[in-house]
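Student: If you use mature numbering (1 follows the signal peptide of the UniProt record, and there is no 0), the sequence shown corresponds to residues -20 to -1, 1 to 168, in order. Just so you know, even glycine gets a beta-carbon here, dropped at the ideal spot from N, CA and C.
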Amino acid sequence: MSKISSIALVGLTVAGLALAGCSPQNQNDSTESKADASTSVGETSSAAESKELTFDDAVVRANEDKDMTAIFGNLVNHSDKDITITGFSTSLNAKVNQMHETVNGQMQEMSSPLVIKAGESHELAPGGDHFMLMKMNNQIAPGESLDLKVEVEGGEELNLGEIQTRSMPAGDEDYGDMKDHQVEGHEH
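1. Which first and last residues belong to the beta strand (DSSP E) in which ASP36 is found?
2. Under 8 Å between the Cβ atoms of residue 171 and ASN43?
3. What did DSSP end up calling ASP109 once you bin it into helix, strand or coil?
4. Just to confirm the assignment, what range does the beta strand (DSSP E) spanning ASP127 have?
5. Is the stretch 88 to 95 touching the stretch 137 to 144 in the sense that three or more CB pairs, one from each, lie closer than 8 Å?
6. Given this structure, state the Cα-to-Cα distance separating LEU104 from LYS129, to the nearest angstrom.
7. Roughly how far, in whole angstroms, is the beta-carbon of HIS80 from the beta-carbon of MET116, given that I think they are within contact range, below 8 Å?
8. Given this structure, state the Cα-to-Cα distance separating HIS166 from THR82, to the nearest angstrom.
9. Is the Cβ-Cβ distance between ILE96 and ILE63 less than 8 Å?
10. Can you give the beta carbon distance from THR49 to VAL39, rounded, assuming they're within the 8 Å contact cut?
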């Protein structure tokens, strides 16, 4: 065999092995299933492309000494249809995620989904409506961030992106029976 043929054969062998390592047989070695991967891509693309719901001036209250925190900001519906938020999730993986409202100074879980009218906004603020994370295993300090997704009517999730944490005082809400995490029937 000539020297050129040997070099070509070695080159083809190396190229073949490299391609074999990228073959579909090895694609399932990941812990993420194909369904999960396509869902993740769809969710991210959908939220990023449509921008139908944004969370302006969003902030997470730091919880250095507590196992709960809250998320505040201004939810803006840029679409021509109402958006009904039925729940939310974060990268913190709190055991309890609830949408709260304050009625007569008493904080409570919302009794119905949160509707953001077409072309309008809804403020989540201390002492008012807010997203509450409770029974957290980890604290979140000022300067850290979390990723937030809201669940909307019909089961779709909208990715609202990364939200920064900062120190801020508690609102004027009264936690009543929820002070000690007595949230029977409210765990999701």
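Tutor: The short version:
1. 33 to 41
2. Here the chain comprises residues numbered -20 to 168, so residue 171 is not present and cannot be evaluated.
3. coil
4. 125 to 132
5. no
6. 15 Å
7. No, HIS80 and MET116 are not in contact; Cβ-Cβ is about 15 Å, not under 8 Å.
8. Annotation note: pLDDT 39 at HIS166 (below 50); position unreliable, coordinate value reported separately. Their backbone Cα atoms lie some 16 Å apart in a straight line.
9. yes
10. So it is not a contact: roughly 10 Å between Cβ atoms.
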